[in-house]
Each structure stands twice: as structure tokens, then as C-alpha cells.
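Protein chains in written order, with our numbering: chain A, 88 to 412; chain B, 158 to 417.
Cβ coordinates follow ideal geometry from the N, Cα and C atoms, glycine included.
Reviewing the structure listed below.
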Amino acid sequence: MLLESARRGLAPAGGRAVQIYLPIADLPVNVFVVFAMGLAVGFISGMFGIGGGFLMTPLLIFLGVSPAVSVATVSTHIAASSFSGAISYWRRRAVDLSLATMLLLGGFVGTAAGVGLFTYLRALGQLDLTISLLYVALLGSVGTLMVVEAVRAILRSRSGKPVELRRGGTHTWLHGLPLKMRFKQSRIYVSTIPVWTIGLLMGFIGAIMGIGGGFLLVPMLIYFLRVPTNVVIGTSMVLTLVTMATATVLHSVTNHLVDAILALILMVGGVTGAQFGARAGQRMRGERLRLLLGVLVLAVGIRFAVDLVLRPEDLYSIRMMEGQQ
Amino acid sequence: MRRAAITAVALACLMAGLGARAAAEQLVSSLSSQRVLITPSFVGTELVLFGIVERDAASPQRRGGYDIVATVSGPRETIVVRRKGRMLGIWVNAESRTFVEVPAYLAVLSTRPPEQFASVDLLRRLQLGLRRTLLPQLIGSDTADVLREDPFRAAFLRLKQSRDLYVEAPDGVTFRTPVLYRANIPLPAAAPVGTYEVDLKLFADGALIARGRETFEIAKFGFEQFLAASAVNDGLLYGLATAAMALLTGWIASVVFRRD
Chain A
88 MLLESARRGL APAGGRAVQI YLPIADLPVN VFVVFAMGLA VGFISGMFGI GGGFLMTPLL
148 IFLGVSPAVS VATVSTHIAA SSFSGAISYW RRRAVDLSLA TMLLLGGFVG TAAGVGLFTY
208 LRALGQLDLT ISLLYVALLG SVGTLMVVEA VRAILRSRSG KPVELRRGGT HTWLHGLPLK
268 MRFKQSRIYV STIPVWTIGL LMGFIGAIMG IGGGFLLVPM LIYFLRVPTN VVIGTSMVLT
328 LVTMATATVL HSVTNHLVDA ILALILMVGG VTGAQFGARA GQRMRGERLR LLLGVLVLAV
388 GIRFAVDLVL RPEDLYSIRM MEGQQ
Chain B
158 MRRAAITAVA LACLMAGLGA RAAAEQLVSS LSSQRVLITP SFVGTELVLF GIVERDAASP
218 QRRGGYDIVA TVSGPRETIV VRRKGRMLGI WVNAESRTFV EVPAYLAVLS TRPPEQFASV
278 DLLRRLQLGL RRTLLPQLIG SDTADVLRED PFRAAFLRLK QSRDLYVEAP DGVTFRTPVL
338 YRANIPLPAA APVGTYEVDL KLFADGALIA RGRETFEIAK FGFEQFLAAS AVNDGLLYGL
398 ATAAMALLTG WIASVVFRRD
């Protein structure tokens with residue numbers, strides 16, 4: 088319903104007073120529709136403590152903004168929402184700055200590589216396909232894992248067994264790697280190699296897919312590095328903030344695809360919605376929240392898969408060789 | 158001697174030609190606006206073209222009346238048309254064709270379907286109508302227009318028409334009096350910025366008897382123009398400013414909604 092009315096709102100026939108012309112996306116949109124999208128995604132992102140890029144980018148694509156502009160613009164939107172989140176976690180001293188710095192070393196390289204590949208695929212005409220495939224693969228697998236894990240947790244608590252906590256003391260092969268470093272605030276002593284790798288991966292997929300990757304980063308930090316839950320979200324937000332701000336600049340320099348007006352409307356809606364979402368999230372139980380998020384992630388992945396497999400309505404598409412679209 | 162004779166004949170022909178032109182009708186035209194500005198609230202617009210067919214004493218009687226074709230063409234662009242094909246069960250962009258330097262916007266407005274007042278041969282020579290417009294494709298290192306039935310060509314025209322960027326209106330020009338005409342040029346919000354040309358052709362008794370030309374410009378205005386230009390020209394500055402804007406918004410939000 089929201090999508091239908093939003094799609095109609097994009098048509099030039101909408102009320103003149105609320106229409107605004109997006110200079111880079113080259114498209115008139117209804118300000119309130121875009122703002123409402125920001126609010127809705129912001130609400131969800133606040134509820135789950137994630138950036139919400141994996142929802143915002145597909146929404147924009149679905150509304151008719153070209154995938155390239157969507158990915159580039161959403162990176163700006165996530166930079167804003169993760170900054171407001173990072174500040175509040177910083178105030179609570181829930182950020183491991185040295186861990187964030189190490190993650191960022193990989194993050195910068197990953198972001199630059201991601202923007203490079205983005206530019207190359209765009210010239211090749213296969214960017215849209217790559218974005219879709221990545222969404223299917225990543226959201227499909229992560230969504231499934233999350234749903235399975237949450238359902239198990241719910242069943243366990245139903246049957247009255249104690250919730251199994253896989254933390255502290257347990258070691259994996261990752262702890263055998265060299266270049267070890269002690270992260271005081273997280274109270275972990277791990278090799279910097281997996282830290283860099285995770286940062287690199289997040290920067291890379293963030294730049295290509297237009298997602299901050301909080302929903303991936305948080306579990307990775309918990310399961311692979313054993314980062315305690317009290318600092319994991321704050322630290323992940325710092326990484327997201329810096330990689331997404333970097334992606335904004337790099338996308339602007341190489342592809343000129345960041346629509347500042349669109350980003351501004353989205354982020355104002357996003358940061359507002361996040362506040363209400365955070366309050367709603369606190370009232371829900373952890374497993375339920377994870378199940379809901381898993382279902383959401385899975386649904387977006389399936390939606391992309393369906394689009395890839397179904398015969399498209401129109402086999403042909405046109406695009407300008409150089410310039411804005 | 159012989160050269161002089163040729164020159165004389167050529168001169169005579171030229172004079173005759175000029176004489177004939179002076180005796181025939183002329184097209185006088187004007188546009189409601191020479192400059193369309195894209196403002197934040199731009200949702201497309203319509204320009205009005207109007208004018209008269211100017212006759213003089215020497216103009217012959219035209220029993221069939223006049224017909225006008227107005228061809229409006231926008232700035233040139235190079236377009237890639239892609240066709241999806243099925244590969245390993247999913248639909249991917251497979252084949253593609255590149256259309257070189259084709260009009261980004263093209264409108265063919267006429268008093269009635271051109272086939273009714275001019276021979277197909279003449280129409281083809283003048284490239285009148287969307288179907289007859291030359292759309293050169295990149296073939297190897299060469300360019301050429303292909304068969305009218307080419308599926309890529311047809312898809313290109315269809316997609317452009319579905320976005321209101323290519324328009325064919327066989328009733329787009331109307332005569333208010335036998336010599337006073339008027340046409341509305343529809344410009345969608347997606348019409349790109351640049352210089353647009355209006356080429357007017359006057360037909361009578363199955364022949365082209367006069368031509369006219371108008372130009373107008375679509376430009377982004379004010380803040381829109383500034384943003385679009387700086388995004389392309391100063392990508393780094395634009396990116397830094399946008400990132401700074403994001404941080405500022407995030408910071409303001411954290412101050413406004415501070416709860417602790």
C-alpha cells in the first residue's frame with residue numbers, strides 16, 4: 088500500500104506544491120512520500136539498531152530511481168543515521184575506538200575497491216544485475232541464518248532450557264592467527280587479520296550494494312571476534328559511518344551519482360523515524376526482534392530473486408552512455 | 158566562352174529559384190517562450206508555437222489548403238539499448254546496440270498524418286515522422302541506420318515514446334484561420350537541458366513550399382542548476398559537502414532527540 092501510493096506520488100500528476108525535482112536522479116518526486124519512506128526505514132533501523140540501507144536502496148530502485156543513483160545516495164543517508172547513532176553510543180562509552188580504527192584500515196581499502204568495481208560494472212552494463220545478484224545471495228543466506236537461529240532460540244526458551252551463550256573462553260582457529268592485538272575495551276585479544284578482513288568486506292559490499300551492513304557486521308563481530316554485546320553496535324556504527332561517508336565522497340568523485348536533495352529528505356525522515364523505532368525495539372524480546380529482522384532481510388532477498396527469475400515485462404532497456412543516468 | 162555560358166545558365170537558374178521563392182508563401186512563427194527553466198517544482202510544461210502563412214500577390218491559389226509539420230528535436234545523446242536474455246535461469250542484459258548522437262527529445266507535430274498530404278518518398282527524404290527519422294547505430298567502428306523493422310530500433314522508439322520524450326501528434330498543429338496556425342509542444346519533466354530546434358515545413362498540393370526555424374533552450378535554474386553543475390564539475394567538493402551535510406543532520410538529530 089505504501090509502495091503503491093509512493094509510486095503514484097512519483098508520477099508528475101501529483102500535487103504541484105509537494106513535488107520537488109531531484110537534480111541528479113533527474114526525476115520529480117513527492118517530498119512527503121520520500122520523507123515517509125525515510126521515516127519508515129528509520130523506524131525499522133532504530134528498532135533493530137541497523138542502518139537500514141538494505142531496505143532503502145531496494146525501495147528507491149523500486150520507485151524508479153536508477154540503481155546506481157540509489158546505491159550512491161543511500162550511502163549518504165546511512166552516514167547520517169549511523170552518525171547520530173554513533174554519538175549516542177559514544178556518550179555511553181559503548182564504542183571500542185581501537186577496534187573501530189583497525190576495522191577501518193580494511194574498510195577504506197574495501198570501499199575504494201567497491202567504488203572501483205561499481206564504476207567498471209556500470210560501464211559494462213552489468214551493474215544492475217550485479218546489485219540484484221548480491222542482494223539475493225547475501226540477504227537470502229543471511230536472512231535464512233537469522234531466521235533459523237532466532238526460531239531455535241525461541242524454541243529453546245519455550246522448552247525452558249537455558250539460553251546457550253557462546254562467549255568468553257571459547258577459541259576458534261581465528262585466534263591462532265598471527266599479528267595479535269589487545270583491544271582493551273572489548274576485552275579481546277585477537278589477530279588483526281580477521282579484523283582487517285571484516286572491515287574490508289564491509290566497505291566493499293557497502294559501496295557496491297548501498298548498505299551499511301550493520302545487520303552483517305554485528306553478528307560477525309560477535310561470532311568471529313567475540314566482541315561483547317555492549318560495545319558491538321556502537322563500534323559497528325563508527326565503522327559504518329566512516330565507510331559510508333567515504334563512499335559518498337568517492338561516488339561523487341567517480342560517478343557523480345549522489346543526489347544531495349534526495350539524501351537530505353531521506354536522512355531527515357530516517358533520523359526521526361529511528362528515534363521512535365528505538366523505543367519500540369526496547370519493548371520487544373531479543374529473539375523476537377532477531378526473527379523479525381531475519382524475515383525482513385529474507386523477504387528483500389526473495390523479492391530480488393523473483394525479479395531475476397520471472398520474465399521481465401520489458402526485455403529492452405535504454406540508458407544514456409555518459410552523463411547522469 | 159563555354160564557362161561564361163555555364164555561369165550565365167547557373168545564374169539564371171538561381172534567379173529563377175529566388176523568384177519562385179519570393180512568389181511563394183513564407184512561414185512566420187513565434188514561440189511562447191525562448192527559455193524553459195527547470196525549477197525545484199518543475200513537472201514538465203508546454204510551449205506554444207504560433208504563426209501565420211504569409212502570402213503575397215504572387216502566391217498561387219492552394220485549393221487543398223496548407224499543411225504544416227513541426228519537428229522539435231532536443232540535444233543529441235548517445236544511447237545504449239539493451240535486451241535481456243535468459244542465462245542459467247535468470248534474466249540478464251545480453252545483447253546491446255548503441256545509437257549515436259540521436260535526439261534526446263523528438264516531437265513530430267502535424268496538421269494531419271503526413272502520409273495524407275505528401276508522398277512517402279518525399280517524407281522519407283525529409284525524414285518526417287518518428288519512423289522515418291535517421292537513427293544511426295554503431296556497427297563495428299562505423300555507424301549506419303538499419304532496417305526500419307530492427308527490434309532494437311523499434312524498442313528504442315517505444316521506450317522513448319513511453320517516457321514522453323518522443324512524441325508523434327498528427328493533430329498537433331491546428332489552423333485557426335486558413336493562414337493562422339498554432340501548435341503545443343509538450344515538454345515532460347525528463348526533457349534534458351540543452352538547445353531545442355523547431356523545424357517547420359509548409360506543404361501544399363503535395364509539395365514542400367516553405368520552411369521555418371525556431372530555437373529554444375531548457376536550462377536548470379537556481380539551486381538545481383548549481384547542484385547539478387557542481388556534482389559534475391567539482392565532484393570532490395560536492396561529495397565532501399554532501400558528507401558534511403549528512404554528519405550535520407546526524408549530529409542535529411542526536412542533539413534534538415537526546416534522552417540521557
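Task: Whole-angstrom distance between R209 of chain A and I296 of chain B, CA atom to CA atom - done: Near 21 angstroms, if we compare the C-alpha coordinates of R209 of chain A and I296 of chain B.
Task: Residues near I236 of chain B in its chain [Cβ-Cβ closer than 8 angstroms; skip 5 each side] - done: Closer than 8 angstroms at the Cβ level, and outside the excluded window around I236 of chain B, lie T255, F256, V259, F313.
Task: Beta carbon proximity, T406 of chain B to chain A, threshold 8 angstroms - done: Yes, its Cβ sits closer than 8 angstroms to a Cβ of chain A.
TODO: Check the Cβ of L351 of chain A against every Cβ in chain B and list those closer than 8 angstroms, keeping chain order.
DONE: Counting only Cβ-Cβ distances below 8 angstroms, L351 of chain A has contacts in chain B at M402, T406, in chain order.
Task: Buried or exposed by the 16-neighbour rule on C-beta atoms within 10 Å, applied to T372 of chain B - done: Answer is exposed; the Cβ neighbour count stays below 16.
TODO: Quick one: residues in its chain with C-beta nearer than 8 angstroms to the C-beta of R240 of chain B, no 5 flanking neighbours on either side, listed in chain order?
DONE: Here the set comprises N250, A251, E252, S253, P308, F309, A312.
Task: Interface flag, M407 of chain A vs chain B, CB-CB below 8 angstroms - done: Yes - at least one Cβ of chain B is within 8 angstroms of the one on M407 of chain A.
Task: N- and C-terminal bounds of the beta strand (DSSP E) containing V193 of chain B - done: Counting along the chain, the beta strand (DSSP E) containing V193 of chain B begins and ends at 192–195.
Open item on the list: Does K271 of chain A come out as helix, strand or coil in the three-state DSSP assignment?
Closed with: Coil at K271 of chain A, not helix or strand.
TODO: Measure the CB-CB distance between L194 of chain B and F383 of chain B and report whether it falls below 8 angstroms.
DONE: Taking 8 angstroms as the Cβ cut-off, L194 of chain B and F383 of chain B do not qualify as a contacting pair.
- [ ] Please list the partners that L379 of chain A has in chain B, where partner means a Cβ-to-Cβ separation under 7 angstroms.
- [x] Those within 7 angstroms of L379 of chain A in chain B number zero; the least Cβ separation is about 23 angstroms.
Task: N- and C-terminal bounds of the alpha helix (DSSP H) containing E400 of chain A - done: For E400 of chain A, no alpha helix (DSSP H) segment is defined, and its DSSP state is neither H nor E.
Task: Within-8 angstroms CB hit, R240 of chain B to chain A - done: Yes, R240 of chain B counts as interfacial toward chain A.
- [ ] Please compile the residues from chain A whose C-beta is within a distance smaller than 7 angstroms of the C-beta of Y395 of chain B.
- [x] Those within 7 angstroms of Y395 of chain B in chain A are S339.
Open item on the list: Residues of chain A with CB closer than 9 angstroms to the CB of L316 of chain B, please, in chain order.
Closed with: Within chain A, the residues placing a beta-carbon under 9 angstroms from that of L316 of chain B are D401, Y403, S404, I405, ordered along the chain.
Open item on the list: Taking the beta carbon of L242 of chain A as the centre, do at least 16 other beta carbons fall within 10 Å, making it buried, or is it exposed?
Closed with: Answer is exposed; the Cβ neighbour count stays below 16.
Task: Residue-level contact to chain A via CB, S230 of chain B, 8 angstroms cutoff - done: Under the Cβ criterion of 8 angstroms, S230 of chain B is not counted among the residues facing chain A.
- [ ] Compare the beta carbon distance of Y176 of chain A and M307 of chain A with 8 angstroms and say whether it is the shorter of the two.
- [x] No, they are not a contact pair.
Task: Y403 of chain A to D394 of chain A span [Cα, whole Å] - done: In this structure, the straight-line span from the alpha carbon of Y403 of chain A to that of D394 of chain A is close to 15 angstroms.
- [ ] Quickly, what does DSSP pair P260 of chain B with across the bridge? List them, please.
- [x] Its beta-bridge partners are B:R233.
TODO: Would you check if the distance between the CB atom of G129 of chain A and the CB atom of G364 of chain A is smaller than 8 angstroms?
DONE: Closer than 8 angstroms, so yes.
- [ ] Hey, could you find the ends of the beta strand (DSSP E) T300 of chain B is sitting in?
- [x] Unbroken beta strand (DSSP E) run through T300 of chain B: 299–301.
Open item on the list: Counting C-beta neighbours from all protein chains within 10 Å, is the total for R377 of chain A 16 or more, i.e. buried, or is it exposed?
Closed with: So R377 of chain A ends up on the buried side.
Task: Y223 of chain B - DSSP class collapsed to helix/strand/coil - done: Residue state, collapsed to three classes: coil.
Task: alpha helix (DSSP H) runs wholly inside the segment 294–355 of chain B, at least 4 long, in chain order - done: Taking 4 residues as the shortest admissible run, the segment 294–355 of chain B contains the following complete alpha helix (DSSP H) segments, listed from N- to C-terminal end: 308–319.
Task: Given E234 of chain B as reference, the closest of B:A410, B:V277, B:Y353 once Cα atoms are compared - done: Among B:A410, B:V277, B:Y353, the Cα nearest to that of E234 of chain B is on B:Y353.
Task: Residue burial classification, V223 of chain A (beta-carbon count within 10 angstroms, cutoff 16) - done: It is buried - the Cβ of V223 of chain A has at least 16 other Cβ atoms within 10 Å.
Open item on the list: With a threshold of 8 angstroms, are at least 3 pairs of Cβ atoms found where one atom belongs to the segment 317–335 of chain A and the other to the segment 220–240 of chain A?
Closed with: Contact between the segment 317–335 of chain A and the segment 220–240 of chain A is absent, because fewer than three Cβ pairs lie under 8 angstroms.
- [ ] Pick helix, strand or coil for P99 of chain A, following the three-state DSSP scheme.
- [x] Summary for P99 of chain A: the model assigns pLDDT 42, below 50, so the residue's position carries little reliability; its value from the coordinates is reported in the next sentence. Correct three-state label for P99 of chain A: coil.
Open item on the list: Which residues in chain A have a C-beta closer than 8 angstroms to the C-beta of A346 of chain B? List them in chain order.
Closed with: Neighbours of A346 of chain B on chain A, chain order: P99, Y108, L114, P115.
Open item on the list: Checking 8 angstroms against the spacing of the C-beta atoms, do R269 of chain B and P327 of chain B come in under that value?
Closed with: Going by C-beta atoms, R269 of chain B is nearer than 8 angstroms to P327 of chain B.
TODO: Determine the burial state of Q106 of chain A: buried for a count of at least 16 other Cβ atoms within 10 Å of its Cβ, exposed for fewer.
DONE: By the Cβ-count criterion, Q106 of chain A is buried, with 16 or more other Cβ atoms from all chains shown falling within 10 Å of its own Cβ.
Task: CB-CB length for G193 of chain A against G290 of chain A, believed under 8 angstroms - done: Cβ atoms of G193 of chain A and G290 of chain A come within 8 angstroms of each other, at about 7 angstroms.
- [ ] Evaluate contact between the segment 390–401 of chain B and the segment 115–129 of chain A, counting only Cβ atoms and requiring at least three cross-stretch pairs below 8 angstroms.
- [x] At 8 angstroms Cβ cutoff, the stretches do not touch.
Open item on the list: Quick check on I111 of chain A: does DSSP put it in helix, strand or coil?
Closed with: Coil at I111 of chain A, not helix or strand.
- [ ] Could you tell me how far apart the beta carbons of L226 of chain A and G388 of chain A are, in whole angstroms, since I believe they sit closer than 8 angstroms?
- [x] With a Cβ gap of about 3 angstroms, L226 of chain A and G388 of chain A count as contacting.
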